[in-house]
Each structure stands twice: as structure tokens, then as C-alpha cells.
Amino acid sequence: MKKVVRGETYDDSNVERILLYAKTIEGQTLREVLGIPDDVKPKGYTEPKTAGKQGNKGTMGDNVEKYFFDIENNNNQAPDFSMTELELKTTGLIRNKKGDIRAKERLAITNINYMTILNETFEDSHMRDKTRRVLLMAYDYRDDTDNIFDMKFELVALWGIPEEDLPQVREDWEKVIAKIRDGKAHEISSRDTLYLEAATTGSGHGVMVQQPNSPVPAKPRRWALKSSYMTNVVNGLLAKKKVEKIQRDEDERDLTLEELIRSRFKDYIGLTAPEILRKLNSACSSAAKQAHATSTMALLKAAFGIDRDASIAEFEKAGLRKSTIRTLRVEKSGRIKESVSFPAFKWSDIAETPWEESDLRKTLLSPFLFVVYRDNGDGEYRLDDVVLWTCPDDAFAEAEKVYEDTRRKVRRGVYDQFAPITGLDGTGSIFHVRPHARNGADTYPTPQGGEEMKRSFWITNHYIVNDILARNAQSNS
243 MKKVVRGETY
253 DDSNVERILL
263 YAKTIEGQTL
273 REVLGIPDDV
283 KPKGYTEPKT
293 AGKQGNKGTM
303 GDNVEKYFFD
313 IENNNNQAPD
323 FSMTELELKT
333 TGLIRNKKGD
343 IRAKERLAIT
353 NINYMTILNE
363 TFEDSHMRDK
373 TRRVLLMAYD
383 YRDDTDNIFD
393 MKFELVALWG
403 IPEEDLPQVR
413 EDWEKVIAKI
423 RDGKAHEISS
433 RDTLYLEAAT
443 TGSGHGVMVQ
453 QPNSPVPAKP
463 RRWALKSSYM
473 TNVVNGLLAK
483 KKVEKIQRDE
493 DERDLTLEEL
503 IRSRFKDYIG
513 LTAPEILRKL
523 NSACSSAAKQ
533 AHATSTMALL
543 KAAFGIDRDA
553 SIAEFEKAGL
563 RKSTIRTLRV
573 EKSGRIKESV
583 SFPAFKWSDI
593 AETPWEESDL
603 RKTLLSPFLF
613 VVYRDNGDGE
623 YRLDDVVLWT
633 CPDDAFAEAE
643 KVYEDTRRKV
653 RRGVYDQFAP
663 ITGLDGTGSI
673 FHVRPHARNG
683 ADTYPTPQGG
693 EEMKRSFWIT
703 NHYIVNDILA
713 RNAQSNS
């Protein structure tokens, strides 16, 4: 098949010709490149049902296939460009007020068939086949544009999951497969994994399907690369920010992210933070040697050989960020003095935002990294462990209850009965609400027109010691 656009010939039997043709759309929209008339609506487009509401703008992937590449969507497992085994993937980009770019959503790969997937291995899986060689086309998603024909493409590139990410992707894949094998497909969660997830499909709300080894039906799912992973990928391809990947030693090539973190810190167990930094400085780059800062992030960057002004690629892919990387200090009694806080919330945000759209939920969908120092009785806090934690189902369910309880009370104007450290039922808590202010004058306005001291959600210290750290110690013993 041959087609000419802006001087480039589209030949679907040649990867180089496909790429050169695809690049003609960079900086342009589908309408501009193809001369699509204004009265032609995209595939999947629907008009708004009510005034002030948006309809469906259309599905970019389907329309790029149909109009730009003349590919008919047939929903089979074959590559989009069958003669070259090249997959086509489109992803939307969103810019914040600072101009920073993030992926609008996860990158869908392929549907999961619970009844056949146990016959696959990671290397011969449909998921792996569809991520080896990808034509990635990223476009500027705009809320103020009601038609995907008018969204500009920012990036066209050949891409595939890089070798250094495969150990983590493999572990993510195997965690999902283990749940399916155990008859627990109905318990799969995006919180199970770091880079790759088994995401619920966007269609057929309420539809359930059969799974092997259990009579319990499960939600249909598909493999997808997480939005945090894709944000790092597109920023790397666009060279929009300084990001460095961890340079692995030969014996680290097959390690998952958690294994890599543990590998880099094993020689520093038992040392204080200043001792670790002094030891690292002797082998660090000149930029890292400037790390007089004793922050956890400075310590991590030094351990991984990352410049102070760069981000750690692997952390960004997993959704690890400054707010979810915490230092814990365990006293000689085994107690942690402070609970772990989230940022102070605004009363109006709590009142107006349901759980599904809340900052608390978004944060708990990401992993946490706890760097643990322990006082063994000599008055010095020494590195004891590094713990990569994802919120389990029971904690996630309690977080929702605490959030919705807080929201109800704020909407009613009740500011003195939030979930205490003893829990909503008085038997103990995983999450609670308490002040997060410099003093009594540090307030936010309320929906009722008054002022109330700033508060935030906290992970209770007893839960951190008795569950997070204890469970981690047990799994590594």
C-alpha cells in the first residue's frame, strides 16, 4: 500500500518508510495534514447530550489507523503493520501551568483473556509481542478542543520497552498471572505493580467475565503501561527535562526496581546518614559530591550515581516522587514517634471532590519508598532497611472510608469529629486526620465562610511499625 502525504510515501512493508511518513504529522493535526473537511466527524465522536457537557471527541488511535494509515480496525492480535511486525500506539499529552508534560493516561496494549493467558510465558506473550517495536505517536490533548482531528501531534518515534525495564515489567506480569492462576482475577489491582498493569477496560461497565480456577466472575482487563511510566517515556523522547537512568552493573541487569534499590544500599546498612554520604562521596561524580544535603533524595541520587539536578528515570516510571519517598526513624523501643503525613488539604477541595477524584486516592495508587533508620540503643540512627510499599486492599478501603467521613463532616460544617488515631470505630486506625499547621492561626477558609486550622490525612505510626515494616521483615527473612 502506497500513499503520499507532504512528499513522503507511505509504504506499509518498510519500517523506515512508515516512520518517515508518520513524521509528516509532527507539529500538525490530522485535519491539517489530510485536509479533512469540517463536516467529517472522527470515528467514535458523539455530540454532547446536554448543554455544557462534552461528548466523545473521538478515539485517536482508531482515527489515525483509519484516516492516516488506511488500516481497518479488526481487533485481532496481529500487529497493526503486519508486514513489519510494528505496532501503532497513540498517547495524549497534558501540560500543566508550568509547561511540564505528562501522559494523559495509561497506554493500552492488548486485552487479557483469563482463560488462555496461563498458557503463555512472559517472552512469548501477546503483551511482549506488542511492546517490542512500537510506532509511538503523542499528541497534545486539549480540553478546549471538541474534536481529535484538531489536536496537534508533538512526537512520532520508534520505541520499545528497553532492556533495563524488562526485569520489572516481567515481575509485574508475573504478579498478575499469579492472581489469575490462584483464581483471584477479581482481586487484581493497579496497586499490585509498578510499570505494567492489568487495567480495567473502559467499555461495558458492570460486565463480568469467567476466570479459571474460581467460580467468581472478574472484571475484564487489558495490559497497559502506567501513565507514570509513559510520562517518563515521552519526556525522555522529547528531551523536555533532565532525567538519568540508573547505570546498572553487570550483576544488576536482571534485578527488579526493589532488588536494585536493596542492592545499592546493602553495603550501607548499619551506617548513619552522614557516614553513608561520606562513603558515597569518595566514589561519586563531582556533581554528587556537592551533596552536603542530608535529605533522603540526595542520598538516593548519590547511591545511584544520579546528578543532584536530575530526576531518577526508574523512580519516575514507577510513580515514586518526593512526596512518597519518606525517612522513618525507629526508636530503640521499636516505636516510630511520628505518623506519616500527607500535604495539608483545603476544606473546599475536600467538600467538592469525591473519593474517585481525590488527591489522597491518587497518591495511594502510587508506591512509597521508606528509608528506615533505627536506634539500636546507642543513640545513633543507623540505616536498617529500605522498603518499597504499595497500599494493600484493606488499607485502601479504610482510606476511602476516612476520606468520605471527612468529606461528609466538612460539608456539614463539623470540624471537631474527624477520624482519630484510634480509628472511626475506636479499635485502631490505618489512616487518621489531625492538624497540619504551624500554629492555630495557620488556617484555610471553610465552605461555610469561616476559617479552620489546616489538617491532613496521616498513615498511623502503629500501622507502619506493626504492618508495613513487620510484613517487610517477614518477607525478607
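Counting from 243, one number per residue, gives the positions in the sequence shown under our numbering.
For glycine and all other residues, C-beta sits at the position ideal for the given N, C-alpha and C.
Assigned secondary structure, residue i (DSSP; H/G/I helix, E/B strand, else coil)
i: PHE699; result: strand
i: THR326; result: coil
i: HIS678; result: coil
i: VAL644; result: helix
i: PRO454; result: coil
i: TYR615; result: strand
i: PRO409; result: helix
i: LEU378; result: strand
i: VAL282; result: coil
i: ILE578; result: strand
i: ALA712; result: helix
i: VAL275; result: helix
i: ARG654; result: helix
i: LYS564; result: helix
i: ALA535; result: For ALA535, the predicted model reports a pLDDT of 37, less than 50, meaning its position is unreliable and no value from the coordinates is stated.
i: GLU598; result: helix
i: SER367; result: coil
i: GLU622; result: coil
i: PRO516; result: helix
i: SER583; result: strand
i: SER528; result: Bear in mind that the predicted position of SER528 carries a pLDDT of just 38, short of 50, making it unreliable; the figure below should be weighed with that in mind. The answer is coil: DSSP assigns SER528 none of H, G, I, E or B.
i: TYR309; result: helix
i: ASP509; result: helix
i: PHE673; result: strand
C-alpha distance - residue i paired with residue j, whole-angstrom precision
i: LEU625; j: GLU406; result: 27 Å
i: LEU335; j: ASN708; result: 41 Å
i: LYS461; j: ALA380; result: 29 Å
i: VAL398; j: LEU261; result: 8 Å
i: ALA639; j: VAL275; result: 48 Å
i: ASN455; j: GLY425; result: 5 Å
i: THR688; j: ARG653; result: 9 Å
i: ASN315; j: GLY402; result: 22 Å
i: VAL628; j: GLU396; result: 39 Å
i: TYR252; j: PHE311; result: 8 Å
i: ALA715; j: VAL614; result: 12 Å
i: THR373; j: ILE351; result: 8 Å
i: GLU362; j: LEU666; result: 45 Å
i: ILE488; j: VAL411; result: 16 Å
i: GLY668; j: HIS678; result: 22 Å
i: LYS574; j: VAL675; result: 27 Å
i: LEU513; j: ARG563; result: 24 Å
i: SER469; j: ARG337; result: 14 Å
i: PRO662; j: LYS643; result: 13 Å
i: GLU307; j: ASP322; result: 8 Å
i: THR271; j: ASP392; result: 5 Å
i: GLY561; j: ALA481; result: 19 Å
i: ALA706; j: GLU347; result: First, the residue type needs correcting, since residue 706 is Ile and not Ala in the sequence shown. Between ILE706 and GLU347, the C-alpha separation is close to 31 Å.
i: ALA320; j: ASP371; result: 9 Å
Proximity to residue i [Cα-Cα], best of the options
i: THR288; options: THR538, PHE310, ILE390; result: ILE390
i: LYS283; options: PRO596, GLN270, ASN305; result: ASN305
i: GLY692; options: ALA552, ALA683, THR569; result: ALA683
i: GLU492; options: LEU502, VAL485, GLU486, LYS484; result: LEU502
i: ARG375; options: ASP549, ALA544, ASN318, VAL257; result: VAL257
i: PHE660; options: THR669, ARG653, ASP647; result: ASP647
i: ARG259; options: LYS468, MET325, ASN618, LYS508; result: MET325
i: ARG650; options: TRP631, ASP667, THR605, ASP591; result: ASP591
i: THR569; options: GLU598, MET539, ALA593; result: MET539
i: GLY619; options: ASP388, VAL572, ILE267, ASN355; result: VAL572
i: ILE267; options: LYS394, LYS346, PRO279, THR387; result: LYS394
i: SER553; options: THR498, LYS521, ASP617, LYS484; result: LYS484
i: GLN452; options: CYS633, MET357, GLY341; result: MET357
i: ASP617; options: LYS421, PHE557, ILE548, ILE511; result: ILE511
i: LYS588; options: ILE548, GLY670, MET695; result: MET695
Expected contact under 8 Å - CB spacing of residue i and residue j to nearest Å
i: TYR645; j: LEU602; result: 6 Å
i: ASN703; j: ILE578; result: 4 Å
i: GLU439; j: ALA466; result: 6 Å
i: SER505; j: ALA586; result: No, SER505 and ALA586 are not in contact; Cβ-Cβ is about 36 Å, not under 8 Å.
i: THR443; j: ARG463; result: 7 Å
i: ILE518; j: LEU542; result: Between LEU542 and ILE518 the Cβ distance is about 11 Å, and since that is not below 8 Å, they are no contact.
i: ILE701; j: SER581; result: 6 Å
i: TYR623; j: LYS559; result: With a Cβ gap of about 30 Å, TYR623 and LYS559 do not count as contacting.
i: THR301; j: GLY286; result: 4 Å
i: ALA555; j: GLU486; result: 6 Å
Strand pairing of residue i, partner residues [DSSP]
i: LEU436; result: Answer is none; LEU436 lacks a bridge partner.
i: PRO475; result: The amino acid occupying residue 475 in the given sequence is Val; Pro does not appear at that position. Answer is none; VAL475 lacks a bridge partner.
i: MET393; result: MET393 pairs with nothing; no bridge assigned.
i: GLY334; result: TYR381
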